[in-house]
Amino acid sequence: MSFSPGETLRTIRETRPLVHQITNYVVMNETANVTLALGALPVMAHALEEVEEMVALASALVLNIGTLSAPWIESMLKAGKAASARGIPVVLDPVGAGATRLRTDTALRLLDVVDVTVLRGNAGEIATLVGVEAEVRGVESIGSAVSPAELAHEAGRRFRCVASVTGPVDHVSDGDGSLAVANGHELLAAVSGTGCMSSALTGCFLAAKPDDPLAAAAEALVAFGVAGEDAAEDARGPGSFHVGLYDALAALDPTTLDGRARVEQ
Amino acid sequence: MSFSPGETLRTIRETRPLVHQITNYVVMNETANVTLALGALPVMAHALEEVEEMVALASALVLNIGTLSAPWIESMLKAGKAASARGIPVVLDPVGAGATRLRTDTALRLLDVVDVTVLRGNAGEIATLVGVEAEVRGVESIGSAVSPAELAHEAGRRFRCVASVTGPVDHVSDGDGSLAVANGHELLAAVSGTGCMSSALTGCFLAAKPDDPLAAAAEALVAFGVAGEDAAEDARGPGSFHVGLYDALAALDPTTLDGRARVEQ
Amino acid sequence: MSFSPGETLRTIRETRPLVHQITNYVVMNETANVTLALGALPVMAHALEEVEEMVALASALVLNIGTLSAPWIESMLKAGKAASARGIPVVLDPVGAGATRLRTDTALRLLDVVDVTVLRGNAGEIATLVGVEAEVRGVESIGSAVSPAELAHEAGRRFRCVASVTGPVDHVSDGDGSLAVANGHELLAAVSGTGCMSSALTGCFLAAKPDDPLAAAAEALVAFGVAGEDAAEDARGPGSFHVGLYDALAALDPTTLDGRARVEQ
Chain A
83 MSFSPGETLR TIRETRPLVH QITNYVVMNE TANVTLALGA LPVMAHALEE
133 VEEMVALASA LVLNIGTLSA PWIESMLKAG KAASARGIPV VLDPVGAGAT
183 RLRTDTALRL LDVVDVTVLR GNAGEIATLV GVEAEVRGVE SIGSAVSPAE
233 LAHEAGRRFR CVASVTGPVD HVSDGDGSLA VANGHELLAA VSGTGCMSSA
283 LTGCFLAAKP DDPLAAAAEA LVAFGVAGED AAEDARGPGS FHVGLYDALA
333 ALDPTTLDGR ARVEQ
Chain B
83 MSFSPGETLR TIRETRPLVH QITNYVVMNE TANVTLALGA LPVMAHALEE
133 VEEMVALASA LVLNIGTLSA PWIESMLKAG KAASARGIPV VLDPVGAGAT
183 RLRTDTALRL LDVVDVTVLR GNAGEIATLV GVEAEVRGVE SIGSAVSPAE
233 LAHEAGRRFR CVASVTGPVD HVSDGDGSLA VANGHELLAA VSGTGCMSSA
283 LTGCFLAAKP DDPLAAAAEA LVAFGVAGED AAEDARGPGS FHVGLYDALA
333 ALDPTTLDGR ARVEQ
Chain C
83 MSFSPGETLR TIRETRPLVH QITNYVVMNE TANVTLALGA LPVMAHALEE
133 VEEMVALASA LVLNIGTLSA PWIESMLKAG KAASARGIPV VLDPVGAGAT
183 RLRTDTALRL LDVVDVTVLR GNAGEIATLV GVEAEVRGVE SIGSAVSPAE
233 LAHEAGRRFR CVASVTGPVD HVSDGDGSLA VANGHELLAA VSGTGCMSSA
283 LTGCFLAAKP DDPLAAAAEA LVAFGVAGED AAEDARGPGS FHVGLYDALA
333 ALDPTTLDGR ARVEQ
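The listed protein sequences derive, respectively, from chains A, B and C. Everything in the first sequence is counted per our numbering, starting at 83 for the first residue and increasing by one. Everything in the second sequence is counted per our numbering, starting at 83 for the first residue and increasing by one. Everything in the third sequence is counted per our numbering, starting at 83 for the first residue and increasing by one.
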């Protein structure tokens with residue numbers, strides 16, 4: 083496996099891949115802007131009438147269930163199937179799985195019907211999906227009975243995808259190999275939607291490196307974590323940190339990024 | 083009545099209550115982020131299939147009619163009834179009541195069917211709901227025939243709830259006792275959704291102080307007003323003020339907050 | 083034609099016109115906040131039950147198809163027809179026309195059924211609508227076979243409206259007279275939704291100058307471009323630039339604005 087967040091970032095900026103996002107109302111502007119700040123192109127489209135056509139133009143699809151309703155579920159299924167049929171990588175962010183049956187069931191249904199490439203969630207969400215007891219408060223993970231590294235491994239194995247379990251240290255696994263990413267900053271937990279942002283960025287990295295989703299998923303978390311570290315430098319709280327994240331993503335330097343990665347196998 | 087915004091803020095940060103918000107598309111990110119910056123946990127969920135389950139996990143429910151449509155009204159009614167049945171406090175923000183019949187009627191229907199704990203609106207909205215003539219321009223209150231203090235008193239009495247009428251000075255009343263809160267800054271009127279933010283924060287304070295909604299509603303406005311005063315210090319306009327609000331909310335000091343309250347009975 | 087962005091800005095701030103926006107989920111907060119920062123009043127309302135009533139209160143209507151679905155199309159048609167019947171100016175932003183049939187067809191249907199006053203889009207979108215080959219990637223314009231100036235002229239002529247084609251240099255035409263606006267900054271392309279913002283501001287200027295839509299559309303782009311130039315001064319990237327845009331719009335000086343206009347006929 084070749085692991086180089088800097089090289090993939092350079093590819094993203096050179097090729098400007100289109101990342102189709104069917105995501106929640108809370109973070110649409112935010113995930114569009116992180117995508118753009120990194121160097122890729124976002125597009126949001128959720129109408130049943132256009133999702134197949136739109137995803138066919140895209141280099142990756144991000145599905146995020148944060149503010150679900152019946153018509154959006156149908157569109158996610160349709161877009162996801164179309165992406166799978168065309169070999170376009172799909173990221174699934176199971177926001178709030180474990181909080182309500184609708185969310186848990188929808189995430190499992192998407193995992194069943196769509197060839198999900200990367201499942202990106204917090205420990206509570208991923209624990210729920212693999213059947214491990216976890217404490218979830220709304221969309222926040224409070225704790226789970228097994229370690230995030232084990233959760234990532236089990237989810238990767240069970241769903242035959244790359245599982246990306248984010249937290250203070252992120253754990254990414256395809257059920258075989260695993261990577262731990264220690265980049266990031268605690269202020270990331272103080273802004274709503276940073277998990278969703280990491281899923282959008284995962285889509286960008288997958289778009290540029292579709293043949294190595296384990297590396298791509300971990301590289302995305304390195305890039306986002308490093309941006310978080312940079313944004314924290316001048317932040318005076320969650321508001322200025324949030325603004326700084328976009329500046330930092332746009333300023334990420336491909337030539338130094340690999341050296342800043344804090345990754346362990 | 084014990085009145086201590088600092089003490090309630092400390093409780094919020096220690097217990098991190100979940101505040102379920104069914105709100106409008108314009109401010110979802112903003113109300114999620116003020117909730118998080120204050121120290122509580124937001125969750126947005128509006129699907130008819132999950133609102134009862136989600137609200138049962140929450141310590142407060144915030145209903146905001148800013149971008150209504152038929153399915154959202156059904157979900158607000160269902161979530162509101164479920165909250166009432168469980169004794170979970172409910173905040174209603176009647177955004178734009180008076181501008182269209184749909185908004186006025188929906189707000190009145192929610193007040194009729196749901197045990198609304200705090201009705202938080204501007205003078206024009208509250209005037210409309212109690213049948214006083216008012217000038218509303220879209221979702222902005224331009225003026226009303228009676229004073230905001232009287233409006234709060236009358237709305238509290240009429241709807242048997244706490245009415246929280248925000249403006250240059252905020253007036254909070256349960257139809258019996260009343261409080262006036264003079265904290266805040268004029269830049270709050272220059273950012274879209276600050277009224278919605280104050281409703282979300284009211285939900286946070288109610289979650290931590292459910293037995294004294296009159297105090298909790300006023301405390302929330304003190305906290306938000308003080309944050310506005312702090313954010314205005316370094317602001318160069320509405321954009322930087324908006325960002326500074328989140329920083330200021332996160333930096334609120336429970337030990338000095340009571341001393342900064344500008345409250346009169 | 084009298085051309086004075088400063089004078090129109092002064093009118094906006096004095097009269098605070100209500101601008102009804104039926105727009106996409108990604109930018110609702112952003113377009114509300116640019117409207118407010120400029121000095122006008124935004125209102126978002128999309129329910130079929132209330133759009134006619136709301137638009138009747140407004141001085142301009144902005145329709146933006148960025149996150150279309152069937153019920154929103156119906157509401158846009160209804161609001162647009164009501165605005166046309168009352169002589170209220172309408173801005174159409176055909177976000178993503180050319181990317182999917184749904185978007186292209188909806189934009190053309192709105193142009194057919196509604197008296198669109200200003201059609202504001204990027205070169206790829208406008209090229210698609212006039213039948214010129216163009217490269218569109220999602221909602222980004224990559225290039226078109228004819229110049230933006232020609233596109234504006236042809237769209238203005240074809241649709242009997244003012245066409246406002248934004249890009250590095252903006253071209254505005256009613257099919258007869260044309261104006262080119264060179265204000266702006268490249269960071270505007272690094273933030274999601276700046277095109278949508280320019281459409282919202284076009285609505286504000288039309289509301290204050292309904293009898294001269296060609297001038298009003300160009301004045302809006304001067305104001306937005308100058309704000310972009312000011313915001314870029316202290317920006318450290320797209321995040322701080324985005325924040326600075328609101329500050330700069332609120333700080334626009336009507337007395338100096340005309341002198342900063344970079345406009346050619």
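C-beta: ideal position from N, C-alpha, C; glycine also. Just so we're clear, the structure is a prediction, and the values are computed from it rather than from any experiment.
Counting only Cβ pairs nearer than 9 Å, list the residues of chain C close to residue i.
i: P320/B; result: N115, L118, A119, Y328, D329, L331 and A332
i: E135/A; result: A181, T182, R183 and L184
Compare the C-beta of residue i against all C-beta atoms of chain B and say whether one is closer than 7 Å.
i: L145/C; result: no
i: S157/A; result: no
i: L296/C; result: no
i: L27/C; result: The question about residue 27/C has no answer here: the residues shown for chain C are numbered 83 through 347.
State buried or exposed for residue i, treating a residue as buried only when at least 16 other CB atoms are found within 10 Å of its CB.
i: D329/B; result: buried
i: A142/A; result: buried
i: S281/A; result: buried
i: S84/B; result: exposed
i: S229/C; result: exposed
i: D194/A; result: exposed
i: R185/C; result: buried
i: T337/B; result: exposed
i: E131/C; result: buried
i: P250/C; result: exposed
i: A152/A; result: exposed
i: A167/B; result: exposed
i: A256/A; result: Looking at the sequence itself, residue 256/A is Asp, so the reference to Ala does not match. D256/A comes out buried.
Strictly below 8 Å CB to CB, what residues from chain B border residue i?
i: R185/A; result: E132
Based on the DSSP secondary-structure assignment, which residues constitute the bridge partners of residue i?
i: D61/A; result: Outside the displayed range of chain A (83 to 347) lies residue 61/A, so it cannot be described from this structure.
i: L123/B; result: L100/B
i: G275/C; result: None; G275/C has no bridge partner.
i: A129/B; result: A129/B is not bridged to any residue.
i: A245/A; result: L201/A and S255/A
i: T182/A; result: A179/A
Which residues in chain A have a C-beta closer than 9 Å to the C-beta of residue i? List them in chain order.
i: L150/C; result: A127, H128, A129, E131 and E132
i: L111/B; result: Looking at the sequence itself, residue 111/B is Asn, so the reference to Leu does not match. Under the 9 Å cutoff, chain A gives Y107, V108, V109, M110, N111, E112, S274 and G275.
i: L339/B; result: Chain A residues near L339/B: none, gap ~16 Å exceeds 9 Å.
I want to see whether chain A comes within less than 7 Å of residue i, judged by CB atoms only; does it?
i: V108/C; result: yes
i: E222/C; result: yes
i: V214/B; result: no
i: L190/B; result: no
i: L288/B; result: no
i: L211/B; result: no
By the three-class DSSP mapping on this structure, what secondary structure does residue i have?
i: A309/C; result: helix
i: R344/A; result: coil
i: H235/B; result: helix
i: I208/A; result: helix
i: A262/A; result: strand
i: V254/B; result: strand
i: R202/B; result: strand
i: I81/A; result: Past the boundaries of the shown model lies residue 81/A; chain A is included only from 83 to 347, so the question cannot be answered.
i: R318/C; result: coil
i: G220/A; result: coil
i: G225/A; result: strand
i: T337/C; result: helix
Strictly below 9 Å CB to CB, what residues from chain F border residue i?
i: L269/A; result: Checking the listed chains, one finds no chain F in this structure; the protein chains it contains are A, B and C.
At 7 Å on the CB atoms, spell out the chain B contacts of residue i, in chain order.
i: V325/C; result: G321, S322 and V325
Taking 7 Å as the CB-CB limit, is residue i close to chain C?
i: S281/B; result: no
i: R219/B; result: yes
i: L303/A; result: no
List the residues of chain B whose Cβ lies closer than 9 Å to the Cβ of residue i, in chain order.
i: P336/C; result: Correct list: empty, because the minimum Cβ distance to chain B is about 16 Å.
Just the chain A side, please: which residues come within less than 7 Å of residue i by C-beta, in chain order?
i: P292/B; result: None at all; the shortest Cβ gap to chain A is about 17 Å.
Just to make sure I have the definition right: I need the residues of chain C whose C-beta is within less than 7 Å of the C-beta of residue i. Which are they?
i: P171/A; result: Neighbours of P171/A on chain C: none; closest Cβ ~16 Å, over 7 Å.
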